[in-house]
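Mapping of the sequence shown onto this note's numbering: position 129 corresponds to residue 164, and the numbering continues sequentially without gaps. Cβ atoms here follow ideal geometry from the backbone N, Cα and C, with glycine treated the same way.
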Amino acid sequence: MGAPVYLNVYDLTSQNSWTVWCGIGVYHTGVEIYGCEFAYGGHEYGVSGIFATKPREAPGAVTYRESICVGETDLTPQQVQQLVQQMGQQYKGNSYHLLQTNCNHFASDFCMQLVGKPLPPWVRRSGMRAGRVARGLPL
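Dropping the structure here:
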């Protein structure tokens with residue numbers, strides 16, 4: 036039996052309380068495994084923007100919403116750390132982009148590597164739509 040992997044979802048805005056019923060919202064996400072939560076954020080340096088926190092205690096002006104068990108992984112804690120280091124080459128702090136390379140993109144990629152599943156569509160939906168609009172594509 037593998038280690039459980041959780042997606043921790045946070046509200047970035049209080050308006051989520053009245054928009055979530057129609058399937059949209061603005062969320063921050065982190066992936067919890069082995070008692071540590073990994074997330075991605077931006078900074079001005081060309082080094083990894085992936086950071087670790089206590090589960091369900093993301094920094095900043097976010098409000099914890101829920102945890103979703105996305106599956107189990109057979110990776111060891113050491114293999115997870117190696118994966119985080121490898122992913123840090125792609126997810127550098129100065130590569131963060133609000134619509135194209137954000138915490139939800141990282142969390143989805145990390146979940147794919149750990150359990151073979153991306154984020155649930157309702158978490159990704161707003162970012163995907165905003166990204167399409169920014170690129171001039173239809174919703």
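Exercise for review: Could you tell me which residues DSSP pairs with S83 in its beta bridges?
Suggested key: K127
Practice item. Please state whether DSSP places L47 in a helix, a strand or coil. Key: coil
Point to revise | Residue span of the alpha helix (DSSP H) that contains V150, given as start and end | key: 138-150
Check your understanding: Near Y131, what residues of its chain come up, given a Cβ to Cβ distance below 6 Å and the 5 sequence neighbours on each side ignored?
Key -> The answer, listed in chain order, is G77, G84.
Practice item. Take the Cβ of E67 as the centre, count every other Cβ of all protein chains shown within 10 Å, and call the residue buried at 16 or more, exposed below. Key: buried
Check your understanding: Are the beta-carbon atoms belonging to S102 and Y41 less than 7 Å from one another?
Key -> yes
Check your understanding: Going by the beta-carbon positions, is the gap between P155 and M147 smaller than 7 Å?
Key -> No, these two residues do not count as a Cβ contact at 7 Å.
Practice item. Can you say whether A169 is buried or exposed, counting buried as having 16 or more other CB atoms within 10 angstroms of its CB? Key: Annotation note: pLDDT 39 at A169 (below 50); position unreliable, coordinate value reported separately. Burial call: exposed.
Check your understanding: Nearest-angstrom Cα distance between P39 and E107?
Key -> Between the alpha carbons of P39 and E107 lies a distance of about 4 Å.
Review point. Quick one: what's got a C-beta closer than 7 Å to V119's C-beta in the same chain, skipping five residues either side?
Key: Cβ neighbours of V119 beyond the five flanking positions: F73, I85.
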